[in-house]
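Residue numbers (our numbering): 20 to 347.
Just so it is clear, CB atoms sit at the ideal spot from N, CA and C, and this is done for glycine as well.
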């Protein structure tokens, strides 16, 4: 039994190492080809934000793993689905260790990488007995590179999204108003999956004066700041503002470059608080914001951007609720 397992274990190890080498080499190639895009898309990050890389490289890793393993007798469909996930997730770990990607980006990529590596493995298992399997295999191995190069010629879409949160607060409208226009330094616990992953927590919001045209400076941890210009001011009812973040002033260690606010791929444009009176001592606080996502896979990116914005808004609204209700 042991003797039979050794060749299989060695085969698994070799296929895994080759898969990691392929995925890592693909990322090196993409980053090298993106170096001239530095001024437009950050630190040469454009081609690792393409469909060709994010979607087709994991698929190719899955195909590669099963292609190598079938030579040693891998025929099981279940193993063909799950085994390719190992080199795929290890490719993510390599990116994290080297510093190519941060935790937030890796978590966002994880479902796609796992799912498509499994799909690639299954696809290879299905075509394993097809006469032209070698040609098909080679085609998928090289496809991510020219596909990403082609994507570089296509302008990024500018998709705008609105995310809204509502919270019932047992306090007077004027009390809630005071808590939203100026947010004193936050010392209360703030819990969110994104904070756990390293997204900066909000610290305070300082208003330069009352009325339209005034500036509200929102400060987050690790030097992240947003300059908010008041565009709508209805006392005890509504506060609207544009949001401006300068990615060049954001410390490099604050956010993953692909989710930097004000960058090529993501931006937050405006925010609005509305206080909707229920009775003299109860209101619904509504916070909605508009953000932009610009990738060639917005159908997937919007899931995460909506979740991120909803979490951030929910967090600050809970702080406001606790403070307003404590004051009465």
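Using DSSP with H/G/I as helix, E/B as strand and the rest coil, what is residue 130? Locating residue 130 in the chain shown gives position 111, where the first residue counts as 1. Three-state result, residue 130: helix.
Can you give me the Cβ contacts of residue 325 inside the same chain, cut-off strictly under 7 Å, excluding the 5 residues immediately before and after it? What you label residue 325 is simply residue 306 of the chain shown in a count that begins at 1. Cβ within range, chain order: 180 and 182.
What is the DSSP secondary structure of residue 334, reduced to helix, strand or coil? What you label residue 334 is simply residue 315 of the chain shown in a count that begins at 1. DSSP places residue 334 in helix when its eight states are reduced to three.
Outcome for residue 33 when other beta-carbon atoms lying within 10 angstroms are tallied against a minimum of 16: As a working note, residue 33 is residue 14 in the chain shown. Label assigned to residue 33: exposed.
Since residue 182 is in the beta strand (DSSP E), which residue starts that stretch and which ends it? The residue given as residue 182 occupies position 163 in the chain shown. Residues 178-188.
Taking the alpha helix (DSSP H) that residue 298 falls in, what are its first and last residues? For the purposes of this step, residue 298 is identified with residue 279 of the chain shown, where counting begins at 1. First-last for residue 298: 285-298, but that is the beta strand (DSSP E), not the alpha helix (DSSP H).
Spell out a yes or no on whether the region 187-195 and the region 210-229 are touching, meaning 3 or more CB-CB pairs, one atom from each, closer than 8 Å. no
Excluding five sequence neighbours on each side, which residues of the same chain lie with their C-beta closer than 7 Å to the C-beta of residue 317? On the chain shown, residue 317 is found 298 positions in, with the first residue counted as 1. The answer, listed in chain order, is 176 and 178.
Between residue 200 and the ligand GTP, is the CB less than 7 Å from at least one heavy atom? The ligand GTP is not part of this structure, which contains no ligands at all.
Would residue 248 and residue 234 be called neighbours here (beta carbons separated by less than 8 Å)? On the chain shown, residue 248 is found 229 positions in, with the first residue counted as 1. On the chain shown, residue 234 is found 215 positions in, with the first residue counted as 1. Yes, they are a contact pair.
In angstroms with no decimal places, state the Cα-to-Cα distance between residue 118 and residue 109. Numbered from 1 along the chain shown, position 99 holds the residue referred to as residue 118. Numbered from 1 along the chain shown, position 90 holds the residue referred to as residue 109. Between residue 118 and residue 109, the C-alpha separation is close to 14 Å.
Measuring CB to CB, does residue 332 end up less than 8 Å from residue 306? As a working note, residue 332 is residue 313 in the chain shown. As a working note, residue 306 is residue 287 in the chain shown. Yes, Cβ-Cβ distance for residue 332 and residue 306 is below 8 Å.
CA-to-CA distance, residue 115 to residue 322, given in whole angstroms: Reading the chain shown from its first residue, position 303 is the one you call residue 322. Reading the chain shown from its first residue, position 96 is the one you call residue 115. Going from the Cα of residue 322 to the Cα of residue 115 covers about 22 Å.
In angstroms with no decimal places, state the Cα-to-Cα distance between residue 329 and residue 336. Here residue 329 corresponds to residue number 310 of the chain shown, with the count starting at 1. Here residue 336 corresponds to residue number 317 of the chain shown, with the count starting at 1. Approximately 10 Å, taken between the alpha carbons.
So the candidates are 97, 227 and 210; which of them puts its Cα closest to the Cα of residue 221? Counting from one through the chain shown, the residue named residue 221 turns up at place 202. It is 210 whose Cα lies nearest to the Cα of residue 221.
Out of 309, 279 and 42, which has the shortest C-alpha to C-alpha gap to residue 262? Taking the chain shown and counting its residues from 1, one reaches residue 262 at position 243. Of the listed residues, the one whose Cα sits closest to residue 262 is 309.
Which listed residue (245, 346, 186 and 75) has its alpha carbon closest to that of residue 297: As a first step, residue 297 must be located in the chain shown, where it is residue number 278. Cα-wise, what sits closest to residue 297 is 186.
Does the beta-carbon of residue 36 have 16 or more other beta-carbons within 10 angstroms, so that it is buried, or is it exposed? Numbered from 1 along the chain shown, position 17 holds the residue referred to as residue 36. When all chains shown are included, residue 36 counts as exposed.
So residue 231 and residue 206 are in contact, right, with Cβ under 8 Å, and what is the actual spacing, rounded? Counting from one through the chain shown, the residue named residue 231 turns up at place 212. Counting from one through the chain shown, the residue named residue 206 turns up at place 187. With a Cβ gap of about 31 Å, residue 231 and residue 206 do not count as contacting.
The alpha helix (DSSP H) enclosing residue 259, as first and last residue numbers: Your numbering for residue 259 matches position 240 in the chain shown. Looking at the DSSP string, residue 259 is not in any alpha helix (DSSP H); the run it does join, the beta strand (DSSP E), is 257-263.
If you compare alpha carbons, which of 83, 276, 196 and 347 is closest to residue 40? For the purposes of this step, residue 40 is identified with residue 21 of the chain shown, where counting begins at 1. Nearest C-alpha to residue 40: 83.
Quick test of your reading: residue 188 and residue 344, contact by CB under 8 Å. State the CB separation rounded to the nearest angstrom. Against the chain shown, residue 188 aligns to sequence position 169. Against the chain shown, residue 344 aligns to sequence position 325. Contact holds; Cβ gap of about 6 Å.
Considering only their Cβ atoms, is the gap separating residue 302 from residue 295 smaller than 8 Å? On the chain shown, position 276 is the one that residue 295 refers to. On the chain shown, position 283 is the one that residue 302 refers to. Yes, the pair counts as a contact, with Cβ atoms nearer than the cut-off.
In chain order, what residues of the same chain have a beta carbon less than 7 Å from the beta carbon of residue 319, not counting five sequence neighbours either side? As a position in the chain shown, residue 319 is number 300, starting the count at 1. Cβ within range, chain order: 131.
Quick one: residues in its chain with C-beta nearer than 7 Å to the C-beta of residue 167, no 5 flanking neighbours on either side, listed in chain order? Counting from one through the chain shown, the residue named residue 167 turns up at place 148. 49, 66, 69, 71 and 72.
Return the CA-CA distance between residue 284 and residue 313, expressed in angstroms with no decimal places. Residue 284 sits at position 265 when you count from the first residue of the chain shown. Residue 313 sits at position 294 when you count from the first residue of the chain shown. In a straight line, the C-alpha of residue 284 is about 5 Å away from that of residue 313.
Residues bridged to residue 307 [DSSP beta-bridge criterion]: Taking the first residue of the chain shown as 1, we reach residue 307 at position 288. In the DSSP output, where bridge partners are listed per residue, residue 307 has 183 and 291.
Using DSSP bridges, identify the partner residues of residue 253. Reading the chain shown from its first residue, position 234 is the one you call residue 253. 257.
Could you tell me the alpha carbon to alpha carbon distance between residue 226 and residue 260, rounded to whole angstroms? For the purposes of this step, residue 226 is identified with residue 207 of the chain shown, where counting begins at 1. For the purposes of this step, residue 260 is identified with residue 241 of the chain shown, where counting begins at 1. Approximately 11 Å between the Cα atoms of the pair.
Could you pull the start and end residues of the alpha helix (DSSP H) that residue 215 belongs to? As a first step, residue 215 is located in the chain shown; it is residue number 196 there, counting from the start. It spans 212-216 - the alpha helix (DSSP H) in which residue 215 sits, taken as one unbroken run.
Give the straight-line distance between the Cα atoms of residue 158 and residue 106, rounded to the nearest whole angstrom. As a first step, residue 158 is located in the chain shown; it is residue number 139 there, counting from the start. As a first step, residue 106 is located in the chain shown; it is residue number 87 there, counting from the start. Distance between the alpha carbons of residue 158 and residue 106: 20 Å.
Measure the C-alpha to C-alpha separation of residue 78 and residue 276 and round it to an integer number of angstroms. Residue mapping note: residue 78 aligns to position 59 of the chain shown, counting from 1. Residue mapping note: residue 276 aligns to position 257 of the chain shown, counting from 1. Approximately 24 Å between the Cα atoms of the pair.
Can you list, in chain order, the residues of its chain whose CB lies under 8 Å from that of residue 184, leaving out five sequence neighbours each side? Here residue 184 corresponds to residue number 165 of the chain shown, with the count starting at 1. Answer for residue 184: 305, 306, 307, 329, 332, 333 and 336, listed in chain order.
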